[in-house]
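**Q** Following this message is one structure expressed as structure tokens.
There are 2 protein chains.
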Amino acid sequence: MTSPENLDSFHAVIPAGGAGTRLWPLSRASRPKFLLDLDGSGRSLLQQTWDRLNDLVPAERIHVVTGAAHAAAIQEQLPELTSLFVEPSPRDSMPAIGLAAAVIGAAHPDAIIGSFAADHIIDDQVSFAEAIGQAVCVARSGLVTTVGITPTGPSTAFGYIQSGERLAVEGAESACAVTSFVEKPDAATATAYVASGAYSWNGGMFVTRTDVLLGHLARLQPGLHEGLSRIAAAWAAPERQDVLDATWPALTKIAIDHAIAEPVALEGGMAVVPGEFTWDDVGDFAALQDVGAASSPETIWVDAGGLAISEDGTTIAVVGLDDVIVVRTDDALLVVARDHAQQVKSVVAELKRRGRDDLV
Amino acid sequence: MTSPENLDSFHAVIPAGGAGTRLWPLSRASRPKFLLDLDGSGRSLLQQTWDRLNDLVPAERIHVVTGAAHAAAIQEQLPELTSLFVEPSPRDSMPAIGLAAAVIGAAHPDAIIGSFAADHIIDDQVSFAEAIGQAVCVARSGLVTTVGITPTGPSTAFGYIQSGERLAVEGAESACAVTSFVEKPDAATATAYVASGAYSWNGGMFVTRTDVLLGHLARLQPGLHEGLSRIAAAWAAPERQDVLDATWPALTKIAIDHAIAEPVALEGGMAVVPGEFTWDDVGDFAALQDVGAASSPETIWVDAGGLAISEDGTTIAVVGLDDVIVVRTDDALLVVARDHAQQVKSVVAELKRRGRDDLV
Numbered sequence: 001m002t003s004p005e006n007l008d009s010f011h012a013v014i015p016a017g018g019a020g021t022r023l024w025p026l027s028r029a030s031r032p033k034f035l036l037d038l039d040g041s042g043r044s045l046l047q048q049t050w051d052r053l054n055d056l057v058p059a060e061r062i063h064v065v066t067g068a069a070h071a072a073a074i075q076e077q078l079p080e081l082t083s084l085f086v087e088p089s090p091r092d093s094m095p096a097i098g099l100a101a102a103v104i105g106a107a108h109p110d111a112i113i114g115s116f117a118a119d120h121i122i123d124d125q126v127s128f129a130e131a132i133g134q135a136v137c138v139a140r141s142g143l144v145t146t147v148g149i150t151p152t153g154p155s156t157a158f159g160y161i162q163s164g165e166r167l168a169v170e171g172a173e174s175a176c177a178v179t180s181f182v183e184k185p186d187a188a189t190a191t192a193y194v195a196s197g198a199y200s201w202n203g204g205m206f207v208t209r210t211d212v213l214l215g216h217l218a219r220l221q222p223g224l225h226e227g228l229s230r231i232a233a234a235w236a237a238p239e240r241q242d243v244l245d246a247t248w249p250a251l252t253k254i255a256i257d258h259a260i261a262e263p264v265a266l267e268g269g270m271a272v273v274p275g276e277f278t279w280d281d282v283g284d285f286a287a288l289q290d291v292g293a294a295s296s297p298e299t300i301w302v303d304a305g306g307l308a309i310s311e312d313g314t315t316i317a318v319v320g321l322d323d324v325i326v327v328r329t330d331d332a333l334l335v336v337a338r339d340h341a342q343q344v345k346s347v348v349a350e351l352k353r354r355g356r357d358d359l360v
Numbered sequence: 001m002t003s004p005e006n007l008d009s010f011h012a013v014i015p016a017g018g019a020g021t022r023l024w025p026l027s028r029a030s031r032p033k034f035l036l037d038l039d040g041s042g043r044s045l046l047q048q049t050w051d052r053l054n055d056l057v058p059a060e061r062i063h064v065v066t067g068a069a070h071a072a073a074i075q076e077q078l079p080e081l082t083s084l085f086v087e088p089s090p091r092d093s094m095p096a097i098g099l100a101a102a103v104i105g106a107a108h109p110d111a112i113i114g115s116f117a118a119d120h121i122i123d124d125q126v127s128f129a130e131a132i133g134q135a136v137c138v139a140r141s142g143l144v145t146t147v148g149i150t151p152t153g154p155s156t157a158f159g160y161i162q163s164g165e166r167l168a169v170e171g172a173e174s175a176c177a178v179t180s181f182v183e184k185p186d187a188a189t190a191t192a193y194v195a196s197g198a199y200s201w202n203g204g205m206f207v208t209r210t211d212v213l214l215g216h217l218a219r220l221q222p223g224l225h226e227g228l229s230r231i232a233a234a235w236a237a238p239e240r241q242d243v244l245d246a247t248w249p250a251l252t253k254i255a256i257d258h259a260i261a262e263p264v265a266l267e268g269g270m271a272v273v274p275g276e277f278t279w280d281d282v283g284d285f286a287a288l289q290d291v292g293a294a295s296s297p298e299t300i301w302v303d304a305g306g307l308a309i310s311e312d313g314t315t316i317a318v319v320g321l322d323d324v325i326v327v328r329t330d331d332a333l334l335v336v337a338r339d340h341a342q343q344v345k346s347v348v349a350e351l352k353r354r355g356r357d358d359l360v
């Protein structure tokens, strides 16, 4: 079990990015998924992420990294937030997490950081805390550690983590080495993965000592490491913004999965601890329905069923259609068969092609 | 062929009623189907009906019967209209047509009236004129005459007219006696009807001498006849409105089909002439699609097809659904499988049950 002292040097980093195009028209470039209360809980996905982490560490050890467009909205949603990193432009997750690691590590050389997406849903805080506690123990030993979510079925919507030999880390008896990370599989492969017991879902959570992460980065992405080091060195100085603006645009645009997790796993430097909680990345409207999003109460169903969200409060009637998802906003309307939920991104692509940037 | 003189004593009557609940949310109690430009022609169904009849008779011989709620809108849509009968309350089609017959007959004892629904679509004006010309010839001989529309397929959405023996009426060589009127059949029966060649669609058009109609009414619905006679006698007098208000509410509420057409057919007093034109009563959204209603041009279809009408101009996206009909207004939204188009009336019933009179 995790002792509270175990988390004394733990910092949480929340990269808040990604529009969530498969949740159009609810989610927009100007109103991304993480800012939305998608499950009707009264808290946005970002706020839920904050609550989950603030249960483990004080507010001053929670850091958010985001783009300039969303900084104000985030600060408004998270009034207790004291550490907001604002990226001049989106360079994917590695520069975002790397910057936070470099700045936090400079101030706290023994810091262990955990990175958590801003737009996922997790149920069962006790299991989540248990997993993070174990991950911090393993990370302290020098491994980059991820949380492998125990699959509830052979999903083809998520990437998987293949576990290898059991590690002997005190305080993390279930930790294993990571053999490999695999992309979203087809249905047969997913079924085989789940049956084997050796695969878990990749929820994109990474827990690591800052010096370990930056060491891997120096070796695997030296240009990126050099740029981040330069920015971090200027962070407390008056020229912070100048250095950031001059350096950031040239940083390699790469996800932490490709920059660190996959190559380090092959070197034997990645560990996985089990996450026994309910988790979803709410990637599309089918997932949104699965996490319990409710239809607008005024909806009229006649020989029909599914999910109907009326954001502008008007009455929706659905007749003779099963497994349909209807989303009405004041400026747009989506009607999608549940089994085509992934294709909603094609609508956003088409709107961009037509120059309807006002709608995306 | 019809000679123009044949129509010299012909008056057209348009009963304009019926909300068209299966076309909700386009059609509303306050904005009934006949006032709508449903096919994108630029003219409402009522205006199209007017145009079709005004091609045969001058404006002063076209009469509209409607409820008080729609009188102003009708007068606005039909600026040339000089004869508008305003019913104090809806009593179905027989009192409406009977009142017009009594008033017209009093002024023009030789008048032949034809009654035409305000909310049907007809293509091919030449064939329509030919059918009406024949019907007037037959009606002059003393038969109540209907137009039997040549079926284009075994529709289960319409009533049918069973033709009997050929009549020998000069100017109407194709006229037959009506054996019976039959309600909307099931698919097998409809197929047998169409295969037999003896059945045509009932488009609700009735052409008759006023004295013949009123004579049948006196015999079959004496109370109704008596009430209508009392109103007609006061029509040109100052007490018209008082008599109308006192008499109208007690009139039998009945359709002309049940009051006259069906019983008179059994007596051998009904005739049918063929209508070779394209006709539709646009009874539901499937019919609306069939008559060529177009989707809003901004609609985005991804692996999908059907009809999408955005009355408020917002963009509709449909993904992964075939044969779906989507109708968005500023205050409501309908999503219906094409093969469930008839069930839209259940939505209106449910809205009434919930007290949402603002939406019906």
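Those protein sequences? They're chains A and B, same order as listed.
Residue numbering for the first sequence follows the UniProt record's numbering, starting at 1 and increasing by one per position.
Residue numbering for the second sequence follows the UniProt record's numbering, starting at 1 and increasing by one per position.
Virtual Cβ for every residue (Gly too), placed ideally from N, Cα, C.
Between the segment 242-262 of chain A and the segment 291-298 of chain A, can you find at least three pairs of beta-carbon atoms closer than 8 Å?
**A** Not touching, per the Cβ criterion.
**Q** Chain A beta carbons: is any one of them nearer than 9 Å to that of Val282 of chain B?
**A** no
**Q** If you reduce the DSSP assignment to three classes, tell me which class Glu60 of chain B lands in.
**A** The DSSP-derived three-state label of Glu60 of chain B is helix.
**Q** Counting only the same chain and skipping the five closest in sequence on each side, list residues whose C-beta sits under 7 Å from that of Gln342 of chain A.
**A** Arg22 and Asp284
**Q** Helix, strand or coil for His108 of chain B per DSSP?
**A** coil
**Q** Starting from Gln48 of chain A, follow the alpha helix (DSSP H) in both directions and report where the run begins and ends.
**A** Leu45 to Asn54
**Q** In whole angstroms, what separates the C-alpha of Lys184 of chain B from that of Ile62 of chain B?
**A** 30 Å
**Q** Is the Cβ of Leu307 of chain A closer than 9 Å to any Cβ of chain B?
**A** no
**Q** Suppose you measure from the CA of Asp357 of chain A to the CA of Trp24 of chain A; what does that come to, to the nearest Å?
**A** A direct Cα-Cα distance of roughly 13 Å separates Asp357 of chain A from Trp24 of chain A.
**Q** What are the start and end residues of each continuous alpha helix (DSSP H) run of 4 or more residues lying completely inside the segment 172-236 of chain B, in chain order?
**A** The segment 172-236 of chain B contains these whole alpha helix (DSSP H) runs: 187-196, 210-220 and 222-233.
**Q** Since I believe Ser180 of chain B is in contact with Gln162 of chain B (beta carbons under 8 Å), could you give me their beta-carbon distance rounded to a whole number of angstroms?
**A** 5 Å
**Q** Find the nearest neighbour of Leu56 of chain A within the set A:Ala100, A:Pro32 and A:Asp8, judged by alpha-carbon distance.
**A** A:Asp8
**Q** Which two residues bound the contiguous beta strand (DSSP E) that contains Asp123 of chain A?
**A** Ile121 to Asp123
**Q** Pull the bridge partners of Phe128 of chain B from the DSSP assignment, please.
**A** Paired residue(s): none; Phe128 of chain B is not in a bridge.
**Q** Residues of chain A with a CB under 7 Å from the CB of Val347 of chain B: which are they?
**A** Ile300, Val302, Ala317 and Val319
**Q** Straight-line CA distance for residue 366 of chain B to Val282 of chain A?
**A** Residue coverage of chain B in this structure runs from 1 to 360, which leaves residue 366 of chain B outside it and unanswerable.
**Q** For a test of the three-state rule: what should DSSP assign to Leu78 of chain B, helix, strand or coil?
**A** coil
**Q** From what residue to what residue does the alpha helix (DSSP H) around Leu244 of chain A run?
**A** Arg240 to Thr247
**Q** Is Glu311 of chain B closer than 9 Å to Thr329 of chain B when the C-beta atoms are compared?
**A** yes
**Q** Tell me the DSSP secondary structure of Ala139 of chain A in three-state form.
**A** In this structure, DSSP gives Ala139 of chain A a helical state, which the three-state scheme calls helix.
**Q** What residues match up with Gln289 of chain A in a beta bridge as DSSP calls it?
**A** Answer is none; Gln289 of chain A lacks a bridge partner.
**Q** Would DSSP call Gly67 of chain A helix, strand or coil?
**A** strand
**Q** Assign Pro222 of chain B to one of two classes, buried (16 or more other C-beta atoms within 10 Å of its C-beta) or exposed (fewer than that).
**A** exposed
**Q** Assuming residue 396 of chain A is part of the alpha helix (DSSP H), what are its boundary residues?
**A** A question about residue 396 of chain A goes unanswered here, because the residues of chain A that appear run from 1 up to 360.
**Q** Count the other C-beta atoms from every protein chain shown that fall within 10 angstroms of the C-beta of Lys253 of chain A, then say buried if there are 16 or more, exposed otherwise.
**A** exposed
**Q** How would you write the range of the alpha helix (DSSP H) that Ala264 of chain B sits in, first residue to last?
**A** In the sequence under discussion, the amino acid at residue 264 of chain B is Val, which differs from the Ala named in the question. Val264 of chain B -> alpha helix (DSSP H) spans Glu262 to Leu266.
**Q** Using a beta-carbon distance below 9 Å, is Trp235 of chain A in contact with chain E?
**A** Of the protein chains in this structure, namely A and B, none is chain E.
**Q** Taking the beta strand (DSSP E) that Asp39 of chain A falls in, what are its first and last residues?
**A** No beta strand (DSSP E) contains Asp39 of chain A, which DSSP labels as neither H nor E.
**Q** Could you tell me which whole beta strand (DSSP E) segments of length 3 or greater appear in the UniProt domain "MannoseP isomerase/GMP-like beta-helix" (298-351) of chain A?
**A** 300-302, 306-310, 315-319, 324-328 and 332-337
**Q** Per DSSP, Asp280 of chain A forms a beta bridge with which residues?
**A** Looking at the DSSP assignment, Asp280 of chain A forms a beta bridge with A:Ile121.
**Q** Taking a Cβ distance cut-off of 7 Å, strictly less, list which residues of the segment 17-42 of chain A are near chain B, in chain order.
**A** none
**Q** For Ala29 of chain A, collect the residues of the same chain with a Cβ closer than 7 Å to its Cβ; drop the 5 residues on either side in sequence, then sort them by chain order.
**A** Ala19 and Val360
**Q** Would you report the Cα separation of Ile325 of chain A and Gln48 of chain B, rounded to the nearest angstrom?
**A** 38 Å
**Q** Using beta carbons (cut-off 9 Å, strictly below), is Met1 of chain A in contact with chain B?
**A** Its pLDDT being 44, under 50, Met1 of chain A is placed unreliably by the model, and nothing is read from it.
**Q** May I have the straight-line CA-CA distance separating Ile300 of chain A from Val347 of chain B, to the nearest angstrom?
**A** The C-alpha of Val347 of chain B is placed about 7 Å away from the C-alpha of Ile300 of chain A.
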